[in-house]
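Protein chains: 2
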Amino acid sequence: MQWQYLNGEIVPAPQASISTLDLAVTHGRALVETFAARRGRVFRLDRHYERVCHGAQVLALAVPLELSDLETAVCNVLDCNGITDARLRLTVTAGGDGAGPATILSARPLADYPAELYERGMRATVASVRRNETSPLSRVKSAAGLLDGLIARQRAQEAGFDEAVMLNTRGLVAEATVANIFVVKDDRVATPAVALGALPGVTRGAVLDLAREAGLNAGEGEVTLSEIRAADEAFLTNAIMGVMPLTRLEGGAIGDGRPGPISGRLRRAYRDAAGR
Amino acid sequence: MQWQYLNGEIVPAPQASISTLDLAVTHGRALVETFAARRGRVFRLDRHYERVCHGAQVLALAVPLELSDLETAVCNVLDCNGITDARLRLTVTAGGDGAGPATILSARPLADYPAELYERGMRATVASVRRNETSPLSRVKSAAGLLDGLIARQRAQEAGFDEAVMLNTRGLVAEATVANIFVVKDDRVATPAVALGALPGVTRGAVLDLAREAGLNAGEGEVTLSEIRAADEAFLTNAIMGVMPLTRLEGGAIGDGRPGPISGRLRRAYRDAAGR
C-alpha cells in the first residue's frame, strides 16, 4: 500500500482525492516540486520550499504550509511508506470555488540512474519545441509547465536519445527537458540565465555554489548550441540525477565524447553535499 | 446546489472529486472545452468533441465517452441544474497510476457580455507573454495551456484594457488571450493560421464558414500588429461572446474606432446560427 500526505493527514494513496472544482484540475493552477530523500534527508529542502513560495505569487495561490510543516510531512510520508531513499513529489493546488487548496506529498522508492549512464554520459538531441522565456510560468515549476518538456523528452527517447536541449524563443539554449544544462570551456562553467528560459533549479543553484567553492569561474549567461558543440565538457543537473555528464549532441561528440574532469569533480562534490 | 456530470453520474459539485494520482493533478494532463448552451442547445458540439479527440492524441490520453454520451451529459447536467442557457465546461483527465480517467461536465448560468461592450467594442493591449507556436500544446485546449492566456488577460485588465493580443515567438499575431482574432481590410477577412499559434477555435471555424457563405474573401494567414492597426475592422471570437468587435489597440483606433459593418454582419450571422 502506498501512502500519501494530503492536507496534514497520511492517507492511502488510492483513496486520496481533490475537488473537481479545484483550479488545479480546471486551469492547471498547481505548483510541483520533485526532490530526493537519501537516508531520510532532503538536500536543500528549504530552497524547494522557497521556490514554491515564489511560484505561489506567480500563480496567485496560497501556500497552506510552513517549511517546518513540510519537514514533518517528509518524515511522516517516508515513515509510513517504510522507505528512507525516495523520490518525493510535492503538489500545491490553488483550490477555488468553495474548494480549499490541497497539499499533496507522495514518496516512491528512489531509482537512481544506472552507473553506466554516468560513465558514458547522456546523448541529447535538440527539441523542436521551444521554451517560452516570455512567460512568467517559465520561472515556476507548475504542473502545467512540465508538459512541454515531457513531450519533448518522449520524442527524444523515441528517436534514441536520452534527453533534448530546449532553445528559447530567441534560439538560445534554455535547458534540457527535465534538467538544467551547464557547459565548461577553458575552466569557465556556464549555465543559461533564468531570464533566458532556464528553470531556477535547486540542484543548478547548488552546483553553481559548489563550483565557486571549488575555485572555478562559474556563472549564468547566454549559451548557444555552437558553444555546447565546442565545449570541453557539458553536464545536466536535477535533484534526482545530481550531475550527469552530457557527452554527445545530435551525433557529435562534446569534447572527446567522454565525461570530463570538471563534470566528475562537481558530480562528486554534489554527491558529498547531497548525501549520495 | 450545483450539480456536475462526473464519469456518467450526476453528482453534487461540492462532493465531486478526482484521484490525486491523476496525471491531470500531477502533470496538467487534462483537456478542456468551454461552450455555451442556449435554449438547451450547444452550437457545433460535434466540433468541440472532435477537438477533444484530437487533443487526446497530443496529450496521449483516452477519451472515455462518445459524442452521443456527451450530448446526453449536456442534457442531464442542464436538467439537474434547472437551466437552459449555460456556460458549460468539459474536462477530460488522463487518469494514471491506477486511477481511471475522469470526465467532468459543469454548467453555470450563462452571463452574456453586456450589449454596450458590443456597441463600443473591446480595447486590447499587446501581451508581453508570447504564444509558443512551436509547442504541440498550442493546438490543444488543455488546462495547462490556458494559464498563460489567463495571466496575460489579468495583466491587461489591471492596465484598463479588455483583452490582449498575443504574438507568437516570431512576433506575428497568434490570437487574443481567450479568443481568436480577425482583421478586415478591403473586404478580405483574415485570421492567424493555427501553425502560427492560433488555437483552432470552434467559433473561429464557424465564423470563417459564415464569412465565406456571405461571399466574403475569408481565410487563414499571417497577421501582423501593423495590419491590425491599419485594418478597416477587427473582431474577436469565442463560444461565449460570439463575434466581439475590437475597436482599439494600445490606445489607437482600429478603423474609425467603432464596430464596423462586416463585424456586425458576421455577429448577426453567428447569432442566428448559434441561437442567440
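Protein chains in written order, with the working numbering: chain A, 36 to 311; chain B, 36 to 311.
Glycine included, C-beta positions come from ideal geometry on N, C-alpha and C.
Please read these numbers as outputs of a predicted model, since none were measured by experiment.
query                                                                                                                                                                          : result
Is residue 268/B helix, strand or coil by DSSP?                                                                                                                                : strand
From the beta carbon of residue 64/A, is the nearest beta carbon of chain B less than 8 Å away?                                                                                : yes
When the distance is taken between beta carbons, is residue 218/B closer than 8 Å to residue 269/B?                                                                            : yes
Got a sec? Which residues, its chain only, sit under 6 Å from residue 78/A by beta carbon, not counting five neighbours each side?                                             : 309
Use the C-beta contact count for residue 252/B: other C-beta atoms within 10 angstroms, 16 or more gives buried, fewer gives exposed.                                          : exposed
Taking C-beta pairs closer than 8 Å, name the residues in chain B that residue 183/A reaches, listed in chain order.                                                           : 167, 170 and 172
For residue 203/B, which residues of its own chain have a beta-carbon under 7 Å away from its beta-carbon, when the five flanking residues on both sides are left out?         : 165, 166, 168, 209, 231 and 232
Go to residue 148/A, then tell me how far its alpha helix (DSSP H) extends in each direction, as first and last residue.                                                       : Run containing residue 148/A: none; DSSP gives neither H nor E here.
Residues of the segment 103 to 134 of chain B in Cβ contact with chain D at a cutoff of 8 Å, in chain order, please.                                                           : The question asks about chain D, but that chain is absent: this structure's protein chains are A and B.
Under a three-way DSSP split, which group does residue 136/A fall into?                                                                                                        : coil
Which residues in the same chain as residue 141/B place their Cβ atom closer than 6 Å to its Cβ, once the five residues preceding and following it in sequence are excluded?   : 39 and 124
Would a check of beta-carbon distances place residue 186/A closer than 8 Å to chain B?                                                                                         : yes
Enumerate in chain order the residues of its own chain whose CB-to-CB distance from residue 88/B is below 7 Å, with the five nearest sequence positions on each side excluded. : 98
Could you name the residues that DSSP lists as bridge partners for residue 76/A?                                                                                               : 73/A
Which first and last residues belong to the beta strand (DSSP E) in which residue 215/B is found?                                                                              : 215 to 220
Nearest to residue 255/B by CA position, among 261/B, 235/B and 249/B, is which residue?                                                                                       : 235/B
Should residue 178/B be flagged as near chain A, meaning a C-beta pair shorter than 8 Å?                                                                                       : yes
Can you name the start and end residues of the beta strand (DSSP E) that residue 158/B belongs to?                                                                             : 157 to 161
Quick check on residue 65/B: does DSSP put it in helix, strand or coil?                                                                                                        : strand
Between the C-alpha atoms of residue 48/B and residue 132/A, what's the straight-line distance to the nearest angstrom?                                                        : 10 Å
Ends of the beta strand (DSSP E) at residue 39/A?                                                                                                                              : 38 to 41
Looking at the C-beta of residue 24/A, does it have a partner C-beta in chain B at a distance below 8 Å?                                                                       : Since the first residue of chain A shown is 36 and the last is 311, residue 24/A is not available in this structure.
If you compare alpha carbons, which of 205/A, 55/A and 69/A is closest to residue 63/A?                                                                                        : 55/A
Under 9 Å between beta-carbons, which chain A residues line up against residue 204/B? List them in chain order, please.                                                        : 165, 167, 169, 203, 204 and 205
How about residue 72/A and residue 126/A: are their beta carbons less than 8 Å apart?                                                                                          : no
Within 8 Å, do at least three Cβ pairs link the segment 266 to 286 of chain A to the segment 149 to 159 of chain A?                                                            : yes
Tell me, to the nearest whole angstrom, how far the beta carbon of residue 274/A is from that of residue 237/A; I am working on the premise that it is less than 8 Å.          : 6 Å
Beta-carbon within less than 8 Å of residue 81/B's beta-carbon, same chain only, minus the 5 sequence neighbours each way: which residues are those?                           : 102
Rounded to whole angstroms, what's the CA-CA distance from residue 185/A to residue 298/B? Just pull it up for me.                                                             : 41 Å
Taking its Cβ as the centre, do 16 or more other Cβ atoms sit within 10 Å of residue 287/A, making it buried, or is it exposed?                                                : exposed
Determine the direct distance from the alpha carbon of residue 181/B to that of residue 215/B, and round the result to whole angstroms.                                        : 13 Å
Buried or exposed: where does residue 17/A fall if 16 or more other Cβ atoms within 10 Å of its Cβ makes it buried?                                                            : What the structure shows of chain A is the stretch from 36 to 311, and residue 17/A is not part of that stretch, so it cannot be assessed.
With 16 as the cutoff for other CB atoms within 10 Å, does residue 130/A come out buried or exposed?                                                                           : buried
Taking the alpha-carbon positions, what's the residue 93/B to residue 172/B distance?                                                                                          : 7 Å
Note down, in chain order, every chain A residue with its Cβ under 8 Å from the Cβ of residue 41/B.                                                                            : 55
Kindly indicate which residue of 197/A, 75/A and 222/A has the alpha-carbon position closest to the one of residue 149/A.                                                      : 197/A
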